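Below: the structure, in structure tokens.
Numbering (our numbering), first residue to last: 1353 to 1692.
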């Protein structure tokens, strides 16, 4: 009887599950079109082009901007000696709660005496303003959750999740084998723990707002996003979609994160990926469907997937003259463009 119930459960998932998500307006789409181009150019060291894109993105957008973009724009501006713009971007980043890693302080160099003086005289004030509303009690609560649930982030649980999501979406994969049942039990145990943690987190979100750098430090924000990402009990994203959309429009989560949540839920409920995020190789099998997927990605402000035809890429010949200057190789960009 138990096996019949399990089989019926998965059949029902396959037939009726559709993960909920919301689209965004043209203004938001255009902003992220510009900001993703800027971030990509910045990571590829195309600094002049990146600076122009950052500047254009900020000037033409009146919505909320994640402070990470302002900080990257500041470093970009400093690299090309646009120090007054860099100062402006840094002010926005730090007042927005951005925490500068110790390794990044060495990159903040002002040569102009006026900008240097203003930066040195203002950074403490900007920092105090950025963290004035930090909720340390909530931070400590999140650290406690992390310590209590460390085992669910170990490779054995990650492997169990990957196995079950692939099996669920594959009709020929048996859902009644001892291996599947044992791994699915691990997922259910993790779901139960995640649900308890997520319920407490959702209560705090209703009271204080979505975790962001003004409310919590960077590490606590990452924990909170991870908890919500793993809230697989909300298998169709019906409970949290409004929370995610509000955070997306407020610059507190990125289109990448939102798409990853939707695709995670979709894989687990058997309805298949929608945005193919993160890009882990699945996207290479899309073929003609790539256009459809990219249209869907655009509706949430997410940049398109571009699949490079490596066979068509020409290998640069080495210069015959040993004294000739070396050809500059293009810097590749791997992984996502956002870290929030």
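We treat Cβ as the ideally placed atom computed from N, Cα and C, and that holds for glycine.
Computed from a predicted structure; not experimentally measured.
Whole-angstrom C-beta distance between residue j and residue i, which should lie under 8 Å
i	j	result
residue 1386	residue 1405	5 Å
residue 1430	residue 1461	7 Å
residue 1553	residue 1576	6 Å
residue 1588	residue 1621	6 Å
residue 1539	residue 1513	6 Å
residue 1642	residue 1607	Not a contact, Cβ separation roughly 18 Å.
residue 1626	residue 1650	About 12 Å separates the two Cβ atoms, so there is no contact after all.
Member of the options whose CA lies at the smallest distance from the CA of residue i
i	options	result
residue 1544	1582, 1515, 1507 and 1524	1582
residue 1468	1497, 1493 and 1436	1436
residue 1617	1592, 1640 and 1402	1592
residue 1463	1490, 1623, 1421 and 1439	1439
residue 1420	1654, 1596 and 1453	1453
residue 1294	1590, 1408 and 1594	Nothing about residue 1294 can be read from this structure; the chain reaches only from 1353 to 1692.
residue 1434	1605, 1466 and 1611	1466
residue 1483	1510, 1444 and 1520	1444
residue 1495	1611, 1630, 1571 and 1604	1571
Beta-carbon proximity check, residue i vs residue j, cutoff 8 Å
i	j	result
residue 1394	residue 1418	no
residue 1376	residue 1657	no
residue 1388	residue 1689	yes
residue 1542	residue 1504	yes
residue 1619	residue 1517	yes
residue 1549	residue 1628	no
residue 1403	residue 1432	yes
residue 1562	residue 1599	yes
residue 1569	residue 1451	yes
residue 1579	residue 1531	no
residue 1371	residue 1623	yes
residue 1602	residue 1416	yes
residue 1448	residue 1422	yes
residue 1446	residue 1490	no
Cβ neighbour criterion (16 or more within 10 Å) applied to residue i
i	result
residue 1522	exposed
residue 1659	exposed
residue 1692	buried
residue 1639	exposed
residue 1564	buried
| Unbroken stretches of the alpha helix (DSSP H), 4 residues or longer, contained in the stretch 1536-1602 | 1570-1581 and 1593-1601
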